[in-house]
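Okay, so the sequence shown: first residue is 6 according to my numbering, each after it adds one. Structure, as structure tokens:
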Amino acid sequence: MAMEVPGPSSPAVHNVMIANTSKDTKPELLVRRILRKGGFPGYRLHWRIDDEGGRYVCRPDITYPGRKLAVFVHGCFWHRCPRCALGLPKSNVDYWRQKFEKNVERDSRKEEALVVLGWTVHTIWECKLEGGASELLGILNIQNTEFETDDGMRQACDF
Ligand SMILES: [Zn+2]
């Protein structure tokens with residue numbers, strides 16, 4: 006049964022809806038800047054990842070394909086950050102509840118699928134951008150060390 010999409014019921018919700026349609030959100034831009042500054046400019050944006058059977062899995066916000074490292078930058082409102090636990094919009098509560106449940110479900114489905122395919126998945130929350138980005142730099146640096154000490158892996162990873 007198709008659900009009707011309610012119109013934006015308040016300026017605040019309206020702004021959030023508009024912000025969400027943009028691919029280059031402010032948090033994503035900030036993370037990308039930290040990555041470039043940190044010496045890891047080789048990422049791809051919205052890179053399509055397929056499974057072994059060629060079926061579409063997802064397009065993470067930021068991907069390092071050679072490293073099999075996928076990064077999601079999550080807005081706390083849309084992806085239901087457990088730390089912020091933001092309230093639901095006041096009207097059309099059922100609609101929003103279902104929508105958010107689907108968002109969260111989709112997020113965990115993507116992550117599980119990627120992990121099964123051997124990817125490292127790192128999620129950065131909007132409310133912990135700086136911390137999440139420096140954790141990501143840590144992962145990238147550890148990977149570098151592994152590549153440097155393991156020639157076989159370096160070849161396998163197409164560096
Ligand atoms: Zn949050």
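Glycine residues also receive a C-beta, built at the ideal position from the N, C-alpha and C atoms. A quick note: this is a predicted structure, and the numbers were derived from the prediction, not measured.
| Check | Outcome |
| --- | --- |
| Leu40 to Lys73 span [Cα, whole Å] | 16 angstroms |
| Span separating the alpha-carbon of His84 from that of Leu93 | 12 angstroms |
| Cβ contact (3+ pairs, closer than 8 angstroms) linking the segment 60-68 and the segment 37-51 | yes |
| 6 angstroms CB neighbourhood of Glu131 in its chain, flanking five on each side removed | Pro32, Gly80, Cys81 |
| Whole-angstrom distance between Ala90 and Gln148, CA atom to CA atom | 33 angstroms |
| Which of helix, strand or coil DSSP assigns to Leu122 | coil |
| Under 8 angstroms between C-beta atoms of Val62 and Ile129 | no |
| Residues whose Cβ lies closer than 5 angstroms to any heavy atom of ligand 1, in chain order | Cys81, Cys86, Arg88, Cys89, Trp130, Cys132 |
| Spatial neighbours of Leu119 in its chain, beta-carbon cut-off 6 angstroms, leaving aside the 5 residues before and after | Ala75, Val126 |
| Backbone CA spacing between Gly136 and Trp101 [nearest angstrom] | 29 angstroms |
| Where the beta strand (DSSP E) containing Leu74 begins and where it ends | 74-79 |
| DSSP beta-bridge partners of Tyr100 | According to DSSP, which records beta bridges pairwise, Tyr100 is partnered with nothing at all. |
| Pairwise C-alpha distance: Glu106 and Gly143 | 31 angstroms |
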